[in-house]
Amino acid sequence: MKAEKLANPWLDKLRPYYEKPLPADVIKLDLSENLYGPSPKVFDVVFANLDAIGQYTRLDHVIELKNALSKYTGLAVENISVFHGADAALDCVLRCFTKPGDKVVIHQPTYPGFISFARAFGVEVIDVYLKKPNFTLSLDEAIPACREAKVVFICNPNNPTGNIVISANELSELLKLDIMVVVDEAYYEFSKYTVAHMVRDYSNLIVIRSFSKAFGLAGLRVGYALAAEEAINILEKARIPYEISILESKAAIAALSDLEYLEQVVSSCIEGRDFVYRSLLELSDVKPYESRANFLMFSLKRGDIKAPKLVEHLLNKYRVAVKDLSRFKGLGEEYLRVGIGKMEHNKIFVDSLKAALAELR
Numbered sequence: 028m029k030a031e032k033l034a035n036p037w038l039d040k041l042r043p044y045y046e047k048p049l050p051a052d053v054i055k056l057d058l059s060e061n062l063y064g065p066s067p068k069v070f071d072v073v074f075a076n077l078d079a080i081g082q083y084t085r086l087d088h089v090i091e092l093k094n095a096l097s098k099y100t101g102l103a104v105e106n107i108s109v110f111h112g113a114d115a116a117l118d119c120v121l122r123c124f125t126k127p128g129d130k131v132v133i134h135q136p137t138y139p140g141f142i143s144f145a146r147a148f149g150v151e152v153i154d155v156y157l158k159k160p161n162f163t164l165s166l167d168e169a170i171p172a173c174r175e176a177k178v179v180f181i182c183n184p185n186n187p188t189g190n191i192v193i194s195a196n197e198l199s200e201l202l203k204l205d206i207m208v209v210v211d212e213a214y215y216e217f218s219k220y221t222v223a224h225m226v227r228d229y230s231n232l233i234v235i236r237s238f239s240k241a242f243g244l245a246g247l248r249v250g251y252a253l254a255a256e257e258a259i260n261i262l263e264k265a266r267i268p269y270e271i272s273i274l275e276s277k278a279a280i281a282a283l284s285d286l287e288y289l290e291q292v293v294s295s296c297i298e299g300r301d302f303v304y305r306s307l308l309e310l311s312d313v314k315p316y317e318s319r320a321n322f323l324m325f326s327l328k329r330g331d332i333k334a335p336k337l338v339e340h341l342l343n344k345y346r347v348a349v350k351d352l353s354r355f356k357g358l359g360e361e362y363l364r365v366g367i368g369k370m371e372h373n374k375i376f377v378d379s380l381k382a383a384l385a386e387l388r
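Note that our numbering has the sequence shown beginning at 28, numbered continuously upward.
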C-alpha cells in the first residue's frame with residue numbers, strides 16, 4: 028500500500044517546508060537572526076563540554092536550566108518547562124489541548140508556524156484579522172471566535188508587524204473564557220513587555236519564549252514555556268524525553284549568566300532599529316512601521332514595485348536578503364520585513380534600498 032493512502036488526510040493541506048539556500052556572501056536580514064551572536068561565555072561552555080555530545084541529557088541538567096530560568100523570570104521552577112526550541116513548545120501545546128476537528132484562533136498576520144502546526148494535527152484554524160493601520164487585535168472579533176475554539180495563539184510582539192497586538196488588560200478578557208491562551212513572547216527581550224506574571228492567576232495561560240533571538244542561540248534550539256503548575260504538569264506529560272541536549276542546556280545557562288552582554292546586544296539592536304526606522308521615514312517610496320522587536324516591517328507606496336521584485340533585486344545586485352511578506356495573511360505584495368543587524372549591516376541595507384528603489388523606477 029502507498030504511504031499517501033496511510034497518511035492522515037488533513038496533511039494534504041500542508042507542503043514540506045522549503046527555503047532557498049543563500050550564498051555565504053549575502054547579508055542575511057530575512058530571518059531576524061541575532062547577528063551579534065551569543066555571549067562569549069556560551070562559546071566557552073560549549074567548547075569545554077564537547078565530550079557531552081555522546082551523552083543523553085539527564086534530569087539534573089534540565090533542573091539546572093529551570094533554576095536559571097526561575098531566577099531570570101521571577102517565577103517558580105514549577106511554572107517552567109523547557110523544550111527543543113519554542114516551536115517544540117507550540118507543538119506540545121497542540122498535542123496536549125487539541126484533537127483532530129477542534130478549532131484554534133490565530134490572529135493574522137502573524138508567525139506562519141501557528142497555522143502549520145495546527146493543520147498538522149488536523150485542527151481547524153479560525154482567522155481573526157488585526158485592525159489596520161496599527162495591526163491591533165480587536166476583542167469584539169476575537170472573543171466570539173474564541174468561544175468556538177480550544178486554543179488561541181497570540182504573538183506579542185507580533186511577527187511580522189513588530190508591535191504589541193494586545194495589552195495585559197485586554198488579555199485578561201480572553202482568559203475569562205473557556206480556552207487555552209498561548210502568548211508567544213519570542214521577542215520579549217527587545218520589547219520588555221510581558222504577561223508572564225499573569226500565569227500566577229490564570230491556569231489557562233501559557234507564555235512561550237525562545238533563546239533564538241536576543242540570546243543568539245538559534246542554531247542550538249532552546250525554548251521554554253511559562254504557565255501555572257497545573258498547565259506545566261500537563262505539558263510535561265507530552266514533552267519528549269531527552270529533548271534538550273547537554274550542550275544546549277549548558278549554553279542556555281551560560282547565556283542567562285551573562286545578562287550584561289544580553290543588554291548590550293538588545294541596546295545595540297534597538298539603536299539599529301531606530302536608525303533604520305528614521306532612515307526609511309525619509310524615503311517617499313516606503314512606509315516603515317514602529318517595532319518592539321529586532322526587525323522592522325515596511326510597505327511600498329509605489330504601485331509599480333512589488334515586494335517579490337524588490338527582494339530579488341536587493342539579493343541579486345546588493346547581496347542583501349530581506350523577507351517578502353506577500354504570502355502572509357492580511358498583508359499583500361507591498362509588505363516586507365527587514366531584520367536588524369549590526370550597524371554596518373543596517374547602513375548597507377538602507378543604502379541598498381535607496382539605490383534599488385531608484386533603479387526600479
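We put the CB at the ideal spot given by N, CA and C, even for glycine.
Whole-number beta carbon distance between residue j and residue i, since they are thought to touch under 8 Å
i: L262; j: T100; result: About 16 Å separates the two Cβ atoms, so there is no contact after all.
i: S276; j: L92; result: 5 Å
i: I191; j: R388; result: Not quite, the Cβ-Cβ distance comes to about 36 Å (not below 8 Å), so this is no contact.
i: I206; j: V178; result: 7 Å
i: N321; j: S59; result: 6 Å
i: N16; j: V292; result: In the structure as shown, the chain starts at 28 and stops at 388, and residue 16 therefore has no counterpart that could be examined.
i: A79; j: L244; result: Not quite, the Cβ-Cβ distance comes to about 16 Å (not below 8 Å), so this is no contact.
i: A383; j: Y345; result: 7 Å
CA-to-CA distance, residue j to residue i, given in whole angstroms
i: P139; j: A223; result: 23 Å
i: K158; j: V226; result: 27 Å
i: Q82; j: E216; result: 32 Å
i: H88; j: S230; result: 27 Å
i: D118; j: H111; result: 11 Å
i: P335; j: S311; result: 19 Å
i: S218; j: E212; result: 9 Å
i: E46; j: I332; result: 23 Å
i: V150; j: T125; result: 7 Å
i: Y63; j: P171; result: 43 Å
i: C173; j: A147; result: 20 Å
i: L33; j: P43; result: 17 Å
i: I367; j: A30; result: 43 Å
i: A281; j: V109; result: 15 Å
i: L232; j: R85; result: 28 Å
i: Y156; j: G246; result: 32 Å
i: S294; j: N186; result: 20 Å
i: Q27; j: D351; result: The shown model of the chain, from 28 to 388, leaves out residue 27, and the question about it has no answer.
i: D71; j: L77; result: 10 Å
i: A115; j: V234; result: 13 Å
i: E339; j: L380; result: 12 Å
i: R354; j: A75; result: 43 Å
i: L341; j: A348; result: 7 Å
i: K203; j: R266; result: 27 Å
i: E290; j: M28; result: 56 Å
i: D167; j: G357; result: 18 Å
i: T188; j: I259; result: 30 Å
Unbroken beta strand (DSSP E) run spanning residue i, endpoints
i: R236; result: 232-237
i: S108; result: 107-110
i: A252; result: 250-254
i: F180; result: 178-182
i: F322; result: 322-327
i: R364; result: 362-366
i: D211; result: 207-211
i: I133; result: 130-135
i: E151; result: 151-156
Coil, strand or helix - residue i by DSSP
i: E400; result: In the structure as shown, the chain starts at 28 and stops at 388, and residue 400 therefore has no counterpart that could be examined.
i: G140; result: helix
i: A334; result: helix
i: I193; result: coil
i: V347; result: strand
i: T100; result: helix
i: K32; result: helix
i: I267; result: coil
Enclosing alpha helix (DSSP H) for residue i [first to last residue]
i: D118; result: 113-124
i: K68; result: 67-75
i: K314; result: No alpha helix (DSSP H) holds K314; the beta strand (DSSP E) holding it covers 313-315.
i: K374; result: 370-386
i: A223; result: Where A223 is concerned, there is no enclosing alpha helix (DSSP H), given that its DSSP letter is neither H nor E.
i: D166; result: It should be noted that the sequence gives Leu, not Asp, for residue 166. 166-173 is the span of the alpha helix (DSSP H), which, as asked, contains L166.
i: S59; result: Where S59 is concerned, there is no enclosing alpha helix (DSSP H), given that its DSSP letter is neither H nor E.
i: G302; result: This sequence places Phe at residue 302; Gly is not what is there. Note, F302: alpha helix (DSSP H), 286-308.
i: I280; result: 273-283
**Request:** Check whether the region 152-167 touches the region 41-61, counting contact only when three or more Cβ pairs, one atom from each stretch, lie closer than 8 Å.
**Result:** These segments do not touch.
**Message:** So, does the region 285-299 touch the region 141-149, judging by three or more C-beta pairs under 8 Å?
**Reply:** As far as the Cβ criterion goes, the region 285-299 does not touch the region 141-149, which means the pair count is below three.
**Request:** Decide yes or no for the touch test of the region 328-342 against the region 353-369: beta carbon pairs closer than 8 Å, at least 3 of them.
**Result:** Look at the beta carbons and you see the region 328-342 touching the region 353-369: at least three pairs across the two are nearer than 8 Å.
**Message:** So, does the region 299-307 touch the region 369-388, judging by three or more C-beta pairs under 8 Å?
**Reply:** With contact defined as three or more Cβ pairs closer than 8 Å, the region 299-307 and the region 369-388 are in contact.
**Asked** Are the region 171-185 and the region 119-129 touching, with three or more C-beta to C-beta distances below 8 Å?
**Response** Judged by Cβ distances under 8 Å, the region 171-185 makes contact with the region 119-129, as three or more pairs qualify.
**Item:** At least three beta-carbon pairs within less than 8 Å, the region 36-46 to the region 293-302
**Value:** Three or more Cβ pairs closer than 8 Å define a contact, and the region 36-46 falls short of that threshold against the region 293-302.
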